[in-house]
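Participant:
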Amino acid sequence: MNIRVRINGAAREDEVEPRLLLVHYLRDVAGLTGTHIGCETSICGACTVLMNGEAVKSCTLLAVQADGAEITTIEGLTAEDGRLHPLQQGFWEEHGLQCGFCTPGMILAAHQLLSRNPRPSRSEIRRALEGNLCRCTGYQHIVKAIEWAAEKMGGSTS
-2 MNIRVRINGA
8 AREDEVEPRL
18 LLVHYLRDVA
28 GLTGTHIGCE
38 TSICGACTVL
48 MNGEAVKSCT
58 LLAVQADGAE
68 ITTIEGLTAE
78 DGRLHPLQQG
88 FWEEHGLQCG
98 FCTPGMILAA
108 HQLLSRNPRP
118 SRSEIRRALE
128 GNLCRCTGYQ
138 HIVKAIEWAA
148 EKMGGSTS
């Protein structure tokens, strides 16, 4: 099947097998390996990307389901001049990552949260991350990283 998508602002058209998962399309066809493959059952959230502004788990969607969609991966958050997005910078500044495997999914889930609620409380941040698992950090620094980013983006958390 032929699909047309915009990934990180760039138009693409590719022929894909109908059974190809979106995560494999992004990694193997589009060459964007920042989207991680974790559990492939939607439990861990490592494969989270934004599709039309909504955080989705790309391991449970077929690439053909993304036809016509705007997709943002972790690579799409970095500015053209190489500056990190405030969420990426926040994870660095507040030590929100250790092994880094969950980080792309966490950042994109947080991106959706901050686009809807620029001033989330700590409990709202934790609720927004419920579908993303981290086995290293204990989440405290991830929450602080999102608070840091919210502050830099013009909001402030309570």
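The sequence shown begins at -2 in the numbering used here and counts up by one. The beta-carbon is built from N, C-alpha and C at its ideal position, and this holds for glycine as well.
(1) Given Val140, which residues of its chain have a CB within under 7 Å of its CB, disregarding the five upstream and five downstream residues?
(2) Bridge partners for Ile0 per DSSP, in chain order?
(3) Based on DSSP bridge pairs, tell me the residues matched to Lys18.
(4) Taking Gln109 and Glu51 to be in contact with their CB atoms under 8 Å, please state how far apart those CB atoms are, rounded to whole angstroms.
(5) For Pro83, tell me which candidate among Gly151, Asp11 and Cys44 has the shortest Cα-Cα distance.
(6) For Arg1, which residues in the same chain have their Cβ closer than 8 Å to its Cβ, ignoring the five residues on either side in sequence?
Facilitator: If we stick to the structure as given:
(1) For Val140, same chain residues with a beta-carbon under 7 Å away, outside a window of 5 residues either side, are Arg119, Ile122 and Arg123 in chain order.
(2) Answer is Asp11, bridged to Ile0.
(3) Sequence check: residue 18 is Leu here, not Lys. Looking at the DSSP assignment, Leu18 forms a beta bridge with Leu59.
(4) The pair is a contact, with the Cβ atoms about 7 Å apart (cut-off 8 Å).
(5) Relative to the Cα of Pro83, the nearest Cα in the group Gly151, Asp11 and Cys44 belongs to Gly151.
(6) For Arg1, where only same-chain residues beyond five positions count, the Cβ hits under 8 Å are Ala8, Arg9, Glu10, Asp64 and Gly65.
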